[in-house]
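A quick write-up on the structure given underneath.
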Amino acid sequence: MRPIDMTPYQPYAKMGSTCELREIRNKKVVWPLVDHIDLDNPNFRLRTITHSDLDAVAGLWRASYPEVYGSVHEWILDPDAYKERVAFAEHWEEHAAARPHAVMVGEDLNAGKIVMSSIYTKWDQNLQVEASFIAIHPDARKGRIAGSIWSNLASFYQWLEASGAEYVTVFCETWHNITQYIWFKRLGWKIAGIFPGNYTRWAGGSKEYRGCTIHFYRFLNDGDKFSAQPGEWDLMPEVKELWNFMEKINAESREEGL
Ligand SMILES: CC(C)(COP(=O)(O)OP(=O)(O)OC[C@H]1O[C@@H](n2cnc3c(N)ncnc32)[C@H](O)[C@@H]1OP(=O)(O)O)[C@@H](O)C(=O)NCCC(=O)NCCS
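Below, the structure written as structure tokens:
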């Protein structure tokens with residue numbers, strides 16, 4: 002926190018009457034180190050990225066998520082771009098708190114191949130983690146290894162609680178609805194909104210368009226205790242109507258597990 006004298010000022014309205022208040026402090030999300038062999042499928046290992054994975058991981062994104070080419074997320078296609086941003090297993094003590102992105106990879110131990118990659122982004126002072134990207138290599142979709150990927154990722158969200166994050170978000174692309182289904186029906190996250198035209202996305206060749214993303218959220222570590230409740234939100238009638246409808250839909254969100 003910066004040493005700014007705020008005593009001459011005050012918030013616009015008195016807020017926080019429907020939730021707990023706490024002292025402002027310096028906050029940190031600390032990435033948990035992951036290295037996990039699936040008990041049900043010892044051929045599958047979920048682990049934190051190392052430097053030697055970089056070419057395979059960037060290659061997996063090029064094959065599985067080329068839509069980010071030319072966008073603010075293009076860096077995931079370039080192995081060199083990871084070096085300064087991502088927390089690497091070899092430098093865990095130095096990187097776990099300091100680096101803004103964590104990358105978990107899934108390895109098919111029989112084939113000796115990275116078959117899944119997932120990228121997480123954190124904002125320390127907001128105690129927020131965004132599950133930014135997930136892809137399974139086209140050769141590994143469906144079948145036993147895909148099942149292991151989803152069941153192990155579900156447990157990764159429990160491990161995320163150990164990071165200290167209290168607000169987790171994800172955006173799902175709209176060229177299919179697979180991830181919307183998984184986050185809503187199986188992980189039980191709630192819809193936060195529909196963002197038409199949110200990110201530029203590659204349309205093939207030299208063309209791009211602005212894609213629509215669906216945003217989901219979930220509280221961890223008692224984050225909801227410190228969140229102002231609808232009773233004190235000042236909403237215009239149309240927005241209130243929208244919120245009520247979203248709550249009706251969000252009541253359908255279930256944690257069915259994976
Ligand atoms: C998204 C991705 C990771 C999904 O992996 P996948 O193995 O192809 O996913 P599946 O289609 O097997 O779906 C997994 C499970 O979710 C369920 N599911 C997904 N979408 C569903 C839907 N619309 N309705 C019902 N069930 C659905 C199914 O139960 C399925 O399990 P099943 O095999 O028992 O049917 C993969 O397609 C990928 O890497 N795509 C490219 C990158 C990408 O699009 N990333 C996400 C951007 S938001």
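Position in the sequence shown (first residue = 1) + 1 = this note's numbering.
Here a beta-carbon is modelled for each residue, glycine too, at the ideal position from N, C-alpha and C.
Is it true that the region 149-161 meets the region 115-133, where meeting means three or more beta-carbon pairs spaced less than 8 Å apart? yes
Quick one: does the C-beta of Cys213 sit closer than 7 Å to a heavy atom of ligand 1? Taking the sequence shown and counting its residues from 1, one reaches residue 213 at position 212. Here the distance from the Cβ of Cys213 to the nearest heavy atom of ligand 1 is not below 7 Å.
Specify which residues have a beta carbon nearer than 5 Å to any heavy atom of ligand 1, listing them in chain order. Ser65, Tyr66, Ala136, Ile137, Arg142, Ala147, Cys173, Glu174, Asn178, Ile179, Thr180 and Tyr182
Closest Cα partner of Gly194 within the set Cys173, Tyr182, Lys186 and Trp203: Your numbering for residue 194 matches position 193 in the sequence shown. If we check each option's Cα against that of Gly194, Cys173 comes out closest.
Extent of the continuous beta strand (DSSP E) run through Asp39: Residue numbering aside, residue 39 sits at position 38 when the sequence shown is read from its first letter. Per DSSP, Asp39 belongs to the beta strand (DSSP E) from Asp36 to Asp39.
Distance CB(Trp160)-CB(Val35) smaller than 8 Å: Position 159 of the sequence shown, counted from the first residue, corresponds to residue 160. Position 34 of the sequence shown, counted from the first residue, corresponds to residue 35. For Trp160 and Val35, yes; Cβs fall inside 8 Å.
Would you give the residue range spanned by the alpha helix (DSSP H) that Asn245 belongs to? Residue numbering aside, residue 245 sits at position 244 when the sequence shown is read from its first letter. That run of the alpha helix (DSSP H) goes Pro238 to Asn251.
In terms of residue numbering, what span does the beta strand (DSSP E) encompassing Gly212 cover? Here the question's residue 212 lines up with position 211 in the sequence shown. Per DSSP, Gly212 belongs to the beta strand (DSSP E) from Lys208 to Phe220.
Report the rounded CA-to-CA distance for Pro80 versus Thr201, giving the unit in angstroms. As a position in the sequence shown, residue 80 is number 79, starting the count at 1. As a position in the sequence shown, residue 201 is number 200, starting the count at 1. Distance between the alpha carbons of Pro80 and Thr201 is about 21 Å.
Glu108 versus Asn251, Arg145, Ile25 and Val31, residue with shortest Cα-Cα distance: Indexing the sequence shown from 1 puts residue 108 at position 107. For the residues Asn251, Arg145, Ile25 and Val31, the minimum Cα distance to Glu108 belongs to Arg145.
Give, in chain order, every unbroken run of the alpha helix (DSSP H) that is at least 4 residues long and sits entirely within the region 78-118. 93-96
DSSP beta-bridge partners for Ala136? Taking the sequence shown and counting its residues from 1, one reaches residue 136 at position 135. Ala136 pairs with Ser118.
Please tell me whether Ile250 and Ile192 are closer than 8 Å, where the distance is taken between their beta carbons. Taking the first residue of the sequence shown as 1, we reach residue 250 at position 249. Taking the first residue of the sequence shown as 1, we reach residue 192 at position 191. A Cβ-Cβ contact shorter than 8 Å links Ile250 with Ile192.
Expressed to the nearest angstrom, what Euclidean distance is found between the alpha-carbon atoms of Leu40 and Arg46? By 1-based counting over the sequence shown, the position of residue 40 is 39. By 1-based counting over the sequence shown, the position of residue 46 is 45. One C-alpha to the other measures close to 10 Å.
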